[in-house]
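Q: Chains A and B supply the protein sequences, listed in that same order.
So the number in our numbering is just where the residue sits in the first sequence, counting from 1, plus 61.
So the number in our numbering is just where the residue sits in the second sequence, counting from 1, plus 7.
Structure below; questions to follow.
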Amino acid sequence: MSKEDQAKGVARSAMVPSRRNVLRAGLSLATLPVLNVIAPRAYAQSAAATTVQGFETGANVAQAEQEGAVVFYTHDSGAAAAAICDAFHKDFPKITARYVSLQNGSLFSKILAERGASRYEADVIQFSDLGTAIDFQSKGGYEQYHSPQQKYYSPDHLSTPAGLYFWIAMGFAGIGYCTDQVKAAEAPATWKDLLDPKWKGKISVKQANSGMQFTEWYELRKLYGKDYWKTFAQQKPRGFNSRVQVFDRLARGDDAICGMAEWAGYQLAREKKAPVAFVAPKDGLPSSPMANGIVSKAPHPQAARLFIDWLMSLKGQVFYQENPYLYYGSIRKDAPSMPGGLRLNDFKLLVPTDMKAFLASRSEFNSEWNQMLGLL
Amino acid sequence: MATSVFKSRRSAISGIAVTAVIGLFVLYPIFFLLQAALKQGDGTVEGSTGYGTGNFERLPNYSGIIWNTLEVSIVATLIAIIVGFLIAYILTRTNVPFRRGLEQLMAVPYYVTPLLGALAWSLLGEPHSGYINILWRALGGEGSIVNVTSAMGIAWVMALFEGSVAFVMISAVMQSIDPSLEEASQVIGAGRFSTMMRITLPLVAPGVLGALIYVFAEMLGSFSAALVLGTPSRFYVLTTAIYLMVTQYPPRIPLAAAMGVVLFAVMFLMTYLYRRMISGRSYVTVSGKAFRPRPVDVGGLRWVYLLLVGAYIFLAVVLPMLTLAYVSLQKLATALPSWSNFTFEHYRVALSQNAVRYAIFNSLELGVITATIGVALTGTISWLLHRTRLPGRAALEYISMFPQAVPRLVFAFGIMWAWLVLPVPVYGTIWLLLIAYLTVFLPLGVRTISSVLLQLDKTLDECGQVCGASWSQRLRTINIPLLRPGIMAAWMLLFIGSVRELGASILLVGPNSQVLTPAIVDAWNFSSSELTAAMALIQTLVVGIFIAIFTMLMRRRDLKG
């Protein structure tokens, strides 16, 4: 059985994510959003590049090694951040990579408080959604750096103007269910199936602090109208903090269905042979890009460039795809398949295209979602 | 006359020094919190649109959450105090068998990270997948026999793991009671229960009250049990609501700060009541008359007591630990064991992570430093409160109780803002965590040492003074030896509290100052229950070994002495 077949086998869905289906759906990663706030762009000129450890960098490597350290602020888990830092350090033993890991909102508060007090501790920062990155950009938070790696990315997947941040990875979500509780034939196949009253009190989602959850709310509301979430609220869903928690609960049968099952969480559960299955609804899978860039006034500017180039390189992107604490999809043009044999563009991904409307709807989402989960 | 002047000058100097430290550690971050609570707008540093009381006006919308918080806090406090008092009485005042071993085991729930207890009980008592309920159904029962995701279930788990401090605080006080007082009661015909209620309980009243206030405040600020067990049943308390507010984008810090500030009022009231209750009464049990603590022979009742303590230890220590050990050895946590599911991989992963090894070292180092400095600081404060006539000492007591009233996650924001703007290079280092720990554990140290201090007769110190002993001689030869149980209990509590601290650490860890408990929570959030169980058991083992070595060294020192 090929990797692709294996993946198809476990992704029991109304729409098994094959290339043909994706083509039929008419939307693939190649045509991922052109942000309507963005004017047509060309790549800006990259810094003079040298090749080191098999990838091109615009950093002065000797100087970066002299700086000796890079500090990475990330919304991702400590285990993921530690793994990234260790992998980078392995390639560049003279540079110690350290990290701060916090949930997206707290990370944003921390970096703003530090900058407000003229303290510059972070070199590179990664946010879980574009909204936070755009806000940080509007506050002058990023240092512009045109990485030689930019050519491997569509201009749509870089900041406007380019060089401030890039889409380091893509998270996406479908529907998950516990195979001990729900037969494949009865499992929800579409997003609208989640509204069936038989699932009342049996569905999990994520809390409002999830950028991915915000994207799902935005995209499904666009597809099915505002009433979709109002009806969904009647199902009395339970909200959790992380993809691991929702899949752990699915595996134990505490919840029958997960209304926002992230692919990365599913991969981890599948590895443990947990009784869970993933459904890719034919209308598409809400997807949230993560944004990564160099912080202005970074204390280790050359090490920060080297780190960003490494993250953007094929090596860094493969690491993001294959590390069990990450398991994200790479948006890089020449990225290999993800574990399981699938690529990002094997799925019909729903990414916000109108960033103005997307950002403006955040407070409405927070309010509706908190209310729905009983938090007000 | 000259001595009196010197004494008051020394008190004044100590008072000023301590007030300055407390001011810097407590009031300065609180100033930032108050400022944040009054901020309007979206709550980001640059998104503020001025000041007002809007955040406080919004609080009635959260009356359901406030009620939930009070409900679980009151129930958990009552369970913790009643159980803590009874077990402290049994282990310190009676001749129950295996006393020393039971005492050691009773400390275990306190040094277990509360998240670990909550995780263990969620595996045991979830309505659907809890092992107890699976067993119940296998035996022919229907539905679930236990539901730890209910308000009462959450209160039960909070009492077991976050209320275990009540036992440590109360037993420290009970050890200082002269048994002749209880014996006298029994000689004149009072029964054992009557003696316990009419002699023992009033004598330990300051300790019990201190523990009650501390535990109630601890419950108000409790986080892990409510997060792990409450979220699945959509049951939120203030701390979980605050956590979700500050982790959202944009973070709603002003509203979270307003919720935290409201808890000041509760703490004010509790401290006021405490002061009222202990003022004008004497709780002296340690006087010039020598006594040797000796247990009362309770006859056959000792086996009933053993059974009671054993049942508690089984529920609070043995069952959760076994559950976690079982889960940590499985690839995927399931109720029924199978060889193909067995693995040591989670321990290998936990111990192979550089970050974890580094964090264990940092946590232990911080624990020792926090406990040592904390005992000196809180001992001085207790002394100033109860042994001097320092003007403003009532205010000092209120201020030192403040950190207990504010959920640590919120207080951490105040500390972060406060120390970011000071031109002292502590931000982002391990020293900021030390400052945070010293601040948030101030009430614990003050309460523990004060309780013992109140039992110490002032005349002992005065005798030394009359005999010509200097202040330092009296401190070294009279007061510290008599206060030893309280000081040792406070040291241990501060050490363990620091090692398992979570709320403040989450925000304040920097790239050079990772500590263990946030790493465990991180594993729960992003890795797996199985890895989390392995990491938490490693933490418990490391702390257990450390405490065993410490206790052994202290005993050896005692024997030499």
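All C-beta atoms in this analysis are idealised placements derived from N, C-alpha and C, irrespective of residue type, glycine included.
All figures in this text were calculated on a predicted structure; none of them were measured in a lab.
At the 7 angstroms Cβ level, is residue 464 of chain B part of the contact set with chain A, yes or no?
A: Chain A contact via Cβ: absent.
Q: According to the Cβ coordinates, are residue 455 of chain B and residue 277 of chain B closer than 7 angstroms?
A: Contact: no.
Q: Apply the 10 Å Cβ neighbour rule to residue 474 of chain B and answer buried if 16 or more other Cβ atoms are within range, or exposed otherwise.
A: With fewer than 16 other Cβ atoms within 10 Å, it is exposed.
Q: Is the beta carbon of residue 322 of chain A closer than 7 angstroms to that of residue 234 of chain A?
A: Against a cut-off of 7 angstroms, the Cβ pair of residue 322 of chain A and residue 234 of chain A comes out as a contact.
Q: Please specify which runs of the alpha helix (DSSP H), each continuous and at least 4 residues long, are wholly inside the stretch 394 to 432 of chain B, giving them in chain order.
A: Runs found: 400 to 412 and 415 to 428.
Q: Would you list the residues sitting across from residue 188 of chain A in a DSSP beta bridge?
A: A/352, per the DSSP bridge assignment.
Q: For residue 337 of chain B, which three-state DSSP category applies?
A: Three-state result, residue 337 of chain B: strand.
Q: When you compare only the Cα positions, how much space is there between residue 459 of chain B and residue 492 of chain B?
A: About 8 angstroms.
Q: Out of curiosity, what's the CA-to-CA distance linking residue 370 of chain B and residue 448 of chain B?
A: One C-alpha to the other measures close to 15 angstroms.
Q: Using the Cα positions of residue 160 of chain B and residue 137 of chain B, report the straight-line distance between them to the nearest angstrom.
A: Roughly 13 angstroms between the two C-alpha positions.
Q: Exposed or buried, residue 451 of chain B, counting other C-beta atoms within 10 Å across all chains shown (16 or more means buried)?
A: Result: buried.
Q: Please list, in chain order, the chain A residues whose beta carbon lies closer than 8 angstroms to that of residue 135 of chain B.
A: Neighbours of residue 135 of chain B on chain A, chain order: 313, 314 and 315.
Q: With distances taken Cα to Cα, identify the nearest neighbour of residue 391 of chain B among B/457, B/135 and B/237.
A: With distances taken between Cα atoms, residue 391 of chain B lies closest to B/457.
Q: Where residue 260 of chain B and residue 412 of chain B are concerned, what is the direct C-alpha to C-alpha distance, given to the nearest angstrom?
A: The alpha-carbon atoms of residue 260 of chain B and residue 412 of chain B are separated by roughly 17 angstroms.
Q: Would you tell me roughly how many angstroms separate the C-alpha atoms of residue 213 of chain A and residue 111 of chain A, rounded to the nearest one?
A: Rounded to whole angstroms, residue 213 of chain A to residue 111 of chain A spans 16 angstroms at the Cα level.
Q: Quick check: residue 353 of chain A and residue 203 of chain A, are their CB atoms within less than 7 angstroms of each other?
A: No, the pair does not count as a contact, with Cβ atoms beyond the cut-off.
Q: Threshold first: 3 residues or longer. Then list the beta strand (DSSP E) segments lying entirely within the stretch 428 to 468 of chain B, N to C.
A: None, since the stretch 428 to 468 of chain B contains no complete beta strand (DSSP E) of that length.
Q: Anyone know if the C-beta pair for residue 447 of chain A and residue 381 of chain A falls short of 7 angstroms?
A: Shown here, chain A extends from 62 to 437; a query on residue 447 of chain A therefore has no answer.
Q: Along the stretch 379 to 392 of chain A, where does the CB come closer than 7 angstroms to a CB of chain B? Name the residues.
A: The stretch 379 to 392 of chain A vs chain B, Cβ under 7 angstroms: 386.
Q: 7 angstroms is my cut-off, CB to CB: does residue 305 of chain A come that close to chain B?
A: Yes, its Cβ sits closer than 7 angstroms to a Cβ of chain B.
Q: Checking the sheet assignment: what are the DSSP bridge partners for residue 228 of chain A?
A: Looking at the DSSP assignment, residue 228 of chain A forms a beta bridge with A/352.
Q: Between residue 428 of chain A and chain B, is any beta-carbon pair separated by less than 7 angstroms?
A: Residue 428 of chain A does not count as touching chain B.
Q: Could you check what DSSP says for residue 236 of chain A in three-state terms: helix, strand or coil?
A: Strand.
Q: Which word fits residue 424 of chain B, buried or exposed, when buried means at least 16 other C-beta atoms lie within 10 angstroms of its C-beta?
A: The residue is buried, with at least 16 neighbouring Cβ atoms inside 10 Å.
Q: To the nearest angstrom, how far is it from the Cα of residue 359 of chain A to the Cα of residue 524 of chain B?
A: Rounded to the nearest angstrom, the two C-alpha atoms are 29 angstroms apart.
Q: Would you mind giving the Cβ-Cβ distance between residue 316 of chain A and residue 119 of chain A, rounded to the nearest angstrom? I have them listed as a contact below 8 angstroms.
A: Rounded, the Cβ-Cβ distance is 47 angstroms, inconsistent with contact.
Q: Give the DSSP-derived three-state secondary structure of residue 46 of chain B in the structure shown.
A: Three-state DSSP puts residue 46 of chain B in a strand.
Q: Please state whether DSSP places residue 446 of chain A in a helix, a strand or coil.
A: With chain A represented from 62 up to 437, any question about residue 446 of chain A goes unanswered, as that position is not in the structure.
Q: What residues in the stretch 314 to 336 of chain A bring their beta carbon closer than 7 angstroms to a beta carbon of chain B?
A: For the stretch 314 to 336 of chain A, which is checked against every Cβ of chain B, the residues closer than 7 angstroms are 314, 315, 333, 334 and 335.
Q: Distance cutoff 7 angstroms, beta carbons only. Does residue 132 of chain A sit that close to anything in chain B?
A: Yes - at least one Cβ of chain B is within 7 angstroms of the one on residue 132 of chain A.
Q: Nearest by alpha-carbon distance to residue 136 of chain A: which of A/160, A/129 and A/437 is it?
A: When only C-alpha atoms are compared, the closest one is A/160.
Q: Between the alpha carbons of residue 426 of chain B and residue 382 of chain B, how many angstroms are there, rounded?
A: Straight-line Cα distance between these residues: approximately 23 angstroms.
Q: Check each residue of the stretch 148 to 180 of chain A: if its Cβ is closer than 8 angstroms to any Cβ of chain B, include it; give the result in chain order.
A: Against chain B - using a Cβ distance shorter than 8 angstroms - the residues of the stretch 148 to 180 of chain A are 159, 160, 161, 162, 163, 164, 165, 166, 167, 169, 170, 171, 173, 174, 175, 177, 178 and 180.
Q: Count the other C-beta atoms from every protein chain shown that fall within 10 angstroms of the C-beta of residue 537 of chain B, then say buried if there are 16 or more, exposed otherwise.
A: So residue 537 of chain B ends up on the buried side.
Q: What do you get for residue 484 of chain B, buried or exposed, if any count of 16 or more other CB atoms within 10 angstroms of its CB means buried?
A: Its Cβ having fewer than 16 others within 10 Å, residue 484 of chain B is exposed.
Q: On the CB-based measure, 16 or more other CB atoms within 10 Å of its CB, does residue 155 of chain B come out buried or exposed?
A: Classification for residue 155 of chain B: buried.
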